[in-house]
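Student: Quick one: the structure is below, questions incoming.
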Amino acid sequence: MAEEEPYRLYLREDQIPTQWYNLRADMPEPPEPMRLPNGKIAEAADIAPVFCDELVRQELDDETAWFDIPEEVMEMYKVYRPSPLCRAYNLERALGTPAKIYYKFEGNNTSGSHKLNSALAQAYYAKAQDLDKITTETGAGQWGTALSEAAAHFGVDLDVFMVKCSYNQKPFRRSIMRTFNATITPSPSDTTEIGRKMLAENPESTGSLGTAISEAVERAMNVPENKGRYQLGSVLNQVVLHQSIIGLESYTAMEELGVYPDIVIGCAGGGSNLGGLIAPFMRDKINGTHPDTRFIAVEPASCPSLTRGRYAYDYADTGQTCPLVKMYTLGNGFLPSPDHAGGLRYHGMSPVVSKLKHDGYLEAVAVKQTDVFAAAEEFARLETILPAPESAHAILQAIEEAKKCAETGEEKVILFGLTGTGYFDMFAYDAHRNGEMVDHVPTDEELEAGFATIPSIEGIQ
Ligand SMILES: Cc1ncc(COP(=O)(O)O)c(C=O)c1O
Numbered sequence: 001m002a003e004e005e006p007y008r009l010y011l012r013e014d015q016i017p018t019q020w021y022n023l024r025a026d027m028p029e030p031p032e033p034m035r036l037p038n039g040k041i042a043e044a045a046d047i048a049p050v051f052c053d054e055l056v057r058q059e060l061d062d063e064t065a066w067f068d069i070p071e072e073v074m075e076m077y078k079v080y081r082p083s084p085l086c087r088a089y090n091l092e093r094a095l096g097t098p099a100k101i102y103y104k105f106e107g108n109n110t111s112g113s114h115k116l117n118s119a120l121a122q123a124y125y126a127k128a129q130d131l132d133k134i135t136t137e138t139g140a141g142q143w144g145t146a147l148s149e150a151a152a153h154f155g156v157d158l159d160v161f162m163v164k165c166s167y168n169q170k171p172f173r174r175s176i177m178r179t180f181n182a183t184i185t186p187s188p189s190d191t192t193e194i195g196r197k198m199l200a201e202n203p204e205s206t207g208s209l210g211t212a213i214s215e216a217v218e219r220a221m222n223v224p225e226n227k228g229r230y231q232l233g234s235v236l237n238q239v240v241l242h243q244s245i246i247g248l249e250s251y252t253a254m255e256e257l258g259v260y261p262d263i264v265i266g267c268a269g270g271g272s273n274l275g276g277l278i279a280p281f282m283r284d285k286i287n288g289t290h291p292d293t294r295f296i297a298v299e300p301a302s303c304p305s306l307t308r309g310r311y312a313y314d315y316a317d318t319g320q321t322c323p324l325v326k327m328y329t330l331g332n333g334f335l336p337s338p339d340h341a342g343g344l345r346y347h348g349m350s351p352v353v354s355k356l357k358h359d360g361y362l363e364a365v366a367v368k369q370t371d372v373f374a375a376a377e378e379f380a381r382l383e384t385i386l387p388a389p390e391s392a393h394a395i396l397q398a399i400e401e402a403k404k405c406a407e408t409g410e411e412k413v414i415l416f417g418l419t420g421t422g423y424f425d426m427f428a429y430d431a432h433r434n435g436e437m438v439d440h441v442p443t444d445e446e447l448e449a450g451f452a453t454i455p456s457i458e459g460i461q
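Oh and the sequence shown: position 293 is 293 in full-length UniProt numbering, straight run, nothing missing.
Below, the structure is given as structure tokens:
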């Protein structure tokens, strides 16, 4: 069948954006400011011991709409970008839908996901600040892999705390990180105070992202001469800023095709790919150019921060060492069940994404992992990309929306973010094939136990 649009549209190298877009500058109200445990609004000096100076500047700036991408980062972006905007013709035909389905595929680099977009920026700023070491956590392993790759490129020493269940389940994730010279420690570990405390409370603990973050922050703070910093792969404003490259490229590519999305869909763990993908389209909704575009965040039913969480100030980590951000949260002590989409097992959500949801600009849905893997398998067979379980959350919702179009006959344009590949998730794919996968949906009582760990701050909440 002759089709006018290509299956994959690759922009030219000179069409890669040279600036990141900061949606906060155009939001009717910016997200709530970061605070310290005493309620005081965090200033640069308060968080500079933890994060690189330039990243602090980006984090706290709600006014500057465009940030130049450093030359050195641009050079590396060119190695794997522009990423393709794909038309899911095969999926459309299989669904018998009049909808046009597009996806922005970010899995086309060694780390296998969008995480490299922010990792390169963060490692670059660490190098520019002449640090001795950076530290981070990784859950599913994509962020750790991406930061390892970026740190190796810029010649920065990296320690990764990897959630223990992933460490055990994904040995080859470890191998890639080691290839890029990173040091990997399973978390909780006995190498930090907070890790030892967690192990004393529960020697069998298989870890959580919240605990791994605490361990990584502690390690960074103990690097001599204040030469260590911690880096986070999601949630923070700076990460959403870097990920705007996804949305900006999608925007240009869709302009070239002469289409505009009616619905934009992204999976949401800490909210960085979603926040980046939607940024320029959300600007159009906010300024009234395209007021009717729908934006949908898709999260796991096992870790439903946006759909069942509280909009409150909470710590980003279980050890309560990070500053507080206002977000949809299940409580920093919430322990997610072992869902296979490790990258979506996080108690909180980006303040930008949270604010958009709270103010009615963004919808959210929670889906079960058995349905997600059924969609992932169907997609793999039709589109020949094996999606990461996280990404497959967006696929499932795109399919749902396209099926509705098949019923109503509406020719909607659907855009979703395909954030990465799932080649290291074959235990999970096998579990699904073998019929061994179960859906964990927390009860209201279980959620209450998590909410009880949200701090009260005098005069604030
Ligand atoms: C492939 C993939 N997609 C999505 C996510 C979710 O992160 P975020 O919500 O920050 O985009 C992750 C996190 O690890 C991931 O690895």
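Yeah, the Cβ is synthetic: ideal placement off N, Cα and C, and Gly gets one too.
Starting from Ile-296, follow its DSSP beta bridges and name the residues at the other end.
Tutor: As a working note, residue 296 is residue 296 in the sequence shown. Answer is Ile-265, Glu-363, bridged to Ile-296.
Student: Cutting at 8 Å between CB atoms, please list the residues of its own chain near Ala-2, excluding the five before and the five after it.
Tutor: Within the sequence shown, the letter at position 2 stands for residue 2. A caution first: Ala-2 carries a pLDDT of 49, below 50, which makes its placement in the model unreliable, though a value can still be read off. There are no such residues.
Student: Could you compute how far the alpha carbon of Arg-219 sits from the alpha carbon of Thr-192?
Tutor: Position 219 of the sequence shown, counting from 1, holds the residue named residue 219. Position 192 of the sequence shown, counting from 1, holds the residue named residue 192. Cα-Cα distance, rounded: 7 Å.
Student: Given 7 Å as the limit, tell me if Gln-397 has its C-beta closer than that to any heavy atom belonging to ligand 1.
Tutor: Translated into the one-based positions of the sequence shown, residue 397 becomes position 397. Every heavy atom of ligand 1 is 7 Å or more from the Cβ of Gln-397, so no.
Student: Measuring straight from C-alpha to C-alpha, what distance separates Tyr-423 and Ile-460?
Tutor: Taking the first residue of the sequence shown as 1, we reach residue 423 at position 423. Taking the first residue of the sequence shown as 1, we reach residue 460 at position 460. If you take the alpha carbons of Tyr-423 and Ile-460, they lie about 45 Å apart.
Student: Give me the residue from Glu-458, Tyr-315, Leu-158, Ala-375 with the minimum Cα distance to Gln-397.
Tutor: Here residue 397 refers to the residue found at position 397 when the sequence shown is read from its first residue. Here the closest residue by C-alpha is Ala-375.
Student: Answer yes if the segment 385-404 comes into contact with the segment 257-273, meaning at least three C-beta pairs across the two stretches below 8 Å, and no otherwise.
Tutor: yes
Student: With Glu-411 as the anchor, note down where its alpha helix (DSSP H) starts and where it stops.
Tutor: Here residue 411 corresponds to residue number 411 of the sequence shown, with the count starting at 1. Looking at the DSSP string, Glu-411 is not in any alpha helix (DSSP H), and its letter there is neither H nor E.
Student: Thr-419: beta carbon under 7 Å from a heavy atom of ligand 1?
Tutor: As a working mapping, residue 419 is identified with position 419 in the sequence shown. Indeed, a heavy atom of ligand 1 lies less than 7 Å from the Cβ.
Student: Counting Cβ pairs closer than 8 Å, one from the segment 104-114 and one from the segment 76-90, do we hit at least three?
Tutor: Because the criterion of three Cβ pairs below 8 Å is met, the segment 104-114 and the segment 76-90 touch.
Student: Going by C-alpha distance, which of Ala-42, Ile-69, Val-353 is nearest Gln-19?
Tutor: On the sequence shown, residue 19 is found 19 positions in, with the first residue counted as 1. When only C-alpha atoms are compared, the closest one is Ile-69.
Student: Would you identify the three-state DSSP class for Arg-81, choosing helix, strand or coil?
Tutor: For the purposes of this step, residue 81 is taken as residue 81 along the sequence shown, with counting starting at 1. In the structure shown, Arg-81 sits in coil (DSSP, three-state: anything other than H, G, I, E or B).
Student: Using only alpha-carbon positions, find the residue among Asp-314, Ala-297, Pro-336, Phe-334 that is nearest to Ala-364.
Tutor: Locating residue 364 in the sequence shown gives position 364, counting from the first residue. Residue Ala-297 holds the alpha-carbon nearest to the alpha-carbon of Ala-364 among Asp-314, Ala-297, Pro-336, Phe-334.
Student: Using a threshold of 8 Å, state whether the C-beta atoms of Ala-99 and Ala-150 are closer than that.
Tutor: Indexing the sequence shown from 1 puts residue 99 at position 99. Indexing the sequence shown from 1 puts residue 150 at position 150. Contact flag unset, no.
Student: Consult DSSP for Ile-399 and reduce its assignment to one of helix, strand or coil.
Tutor: Stepping through the sequence shown from its first residue, residue 399 is reached at position 399. Correct three-state label for Ile-399: helix.
Student: Check for me: the beta strand (DSSP E) holding Arg-24 runs from which residue to which?
Tutor: Against the sequence shown, residue 24 aligns to sequence position 24. It is not in any beta strand (DSSP E) - Arg-24 carries neither H nor E in the DSSP assignment.
Student: Indicate whether the contact test is met: 3 or more Cβ pairs, each with one atom in the segment 62-78 and one in the segment 19-32, closer than 8 Å.
Tutor: yes
Student: Kindly indicate which three-state DSSP category Ile-457 falls into: helix, strand or coil?
Tutor: Residue 457 sits at position 457 when you count from the first residue of the sequence shown. In the structure shown, Ile-457 sits in coil (DSSP, three-state: anything other than H, G, I, E or B).
Student: So, Gly-139 versus Ser-166, is the Cβ gap smaller than 8 Å?
Tutor: One-based indexing of the sequence shown puts residue 139 at position 139. One-based indexing of the sequence shown puts residue 166 at position 166. Contact flag set, yes.
Student: With distances taken between CB atoms, is the gap from Gly-275 to Val-240 smaller than 8 Å?
Tutor: Residue mapping note: residue 275 aligns to position 275 of the sequence shown, counting from 1. Residue mapping note: residue 240 aligns to position 240 of the sequence shown, counting from 1. Closer than 8 Å, so yes.
Student: Considering only the beta carbon of each residue, do Gln-142 and Gly-343 sit closer than 8 Å?
Tutor: Residue mapping note: residue 142 aligns to position 142 of the sequence shown, counting from 1. Residue mapping note: residue 343 aligns to position 343 of the sequence shown, counting from 1. Yes. Within cutoff.
Student: Using only alpha-carbon positions, find the residue among Val-156, Ala-212, Leu-335, Met-437 that is nearest to Phe-180.
Tutor: Here residue 180 refers to the residue found at position 180 of the sequence shown. Comparing Cα-Cα distances from Phe-180 to each of Val-156, Ala-212, Leu-335, Met-437, the minimum goes to Val-156.
Student: Measuring only the C-alpha atoms, how far is Ala-88 from Leu-386?
Tutor: For the purposes of this step, residue 88 is taken as the residue at position 88 of the sequence shown. For the purposes of this step, residue 386 is taken as the residue at position 386 of the sequence shown. Each residue's alpha carbon lies about 14 Å from the other.
Student: Of the choices Thr-185, Ile-278, His-358, whose alpha-carbon is the least far from that of Asp-159?
Tutor: Translated into the one-based positions of the sequence shown, residue 159 becomes position 159. Distances from the CA of Asp-159 to each of Thr-185, Ile-278, His-358 were compared; the closest alpha carbon is that of Thr-185.
Student: Who does Ile-186 pair with in a DSSP beta bridge?
Tutor: Taking the sequence shown and counting its residues from 1, the one referred to as residue 186 is at position 186. The sequence shown places Pro at residue 186, rather than the Ile named in the question. The partner list for Pro-186 (beta bridge, DSSP) reads Met-162.
Student: Apply the 10 Å Cβ neighbour rule to Tyr-7 and answer buried if 16 or more other Cβ atoms are within range, or exposed otherwise.
Tutor: Here the question's residue 7 lines up with position 7 in the sequence shown. It counts as exposed.
Student: Under 8 Å: do the segment 131-138 and the segment 204-223 share three or more Cβ pairs, one atom per stretch?
Tutor: yes
Student: Out of Tyr-124, Ile-41, Pro-338, Arg-283, state which residue places its alpha-carbon closest to the alpha-carbon of Phe-295.
Tutor: Residue mapping note: residue 295 aligns to position 295 of the sequence shown, counting from 1. When only C-alpha atoms are compared, the closest one is Arg-283.
Student: Here's the rule I'm using: 16 or more other beta-carbon atoms within 10 Å means buried, otherwise exposed. How should Asp-14 be labelled?
Tutor: For the purposes of this step, residue 14 is identified with residue 14 of the sequence shown, where counting begins at 1. Exposed: under 16 other Cβ atoms inside 10 Å.
Student: Could you tell me if Phe-172 is buried or exposed, where buried requires 16 or more neighbouring beta carbons within 10 angstroms of its beta carbon?
Tutor: Position 172 of the sequence shown holds residue 172. Flag for Phe-172 reads exposed.
Student: Does DSSP classify Pro-387 as helix, strand or coil?
Tutor: Within the sequence shown, numbered from 1, the residue matching residue 387 stands at position 387. Pro-387: strand per DSSP, three-state reduction.
Student: Relative to ligand 1, is the shortest distance from any of its heavy atoms to the C-beta of Ala-268 smaller than 7 Å?
Tutor: Along the sequence shown, read from residue 1 onward, the residue named residue 268 stands at position 268. Yes, Cβ of Ala-268 sits closer than 7 Å to a heavy atom of ligand 1.
Student: Is Trp-20 near ligand 1, going by C-beta to nearest heavy atom under 7 Å?
Tutor: Along the sequence shown, read from residue 1 onward, the residue named residue 20 stands at position 20. Checking the Cβ of Trp-20 against ligand 1 gives no.
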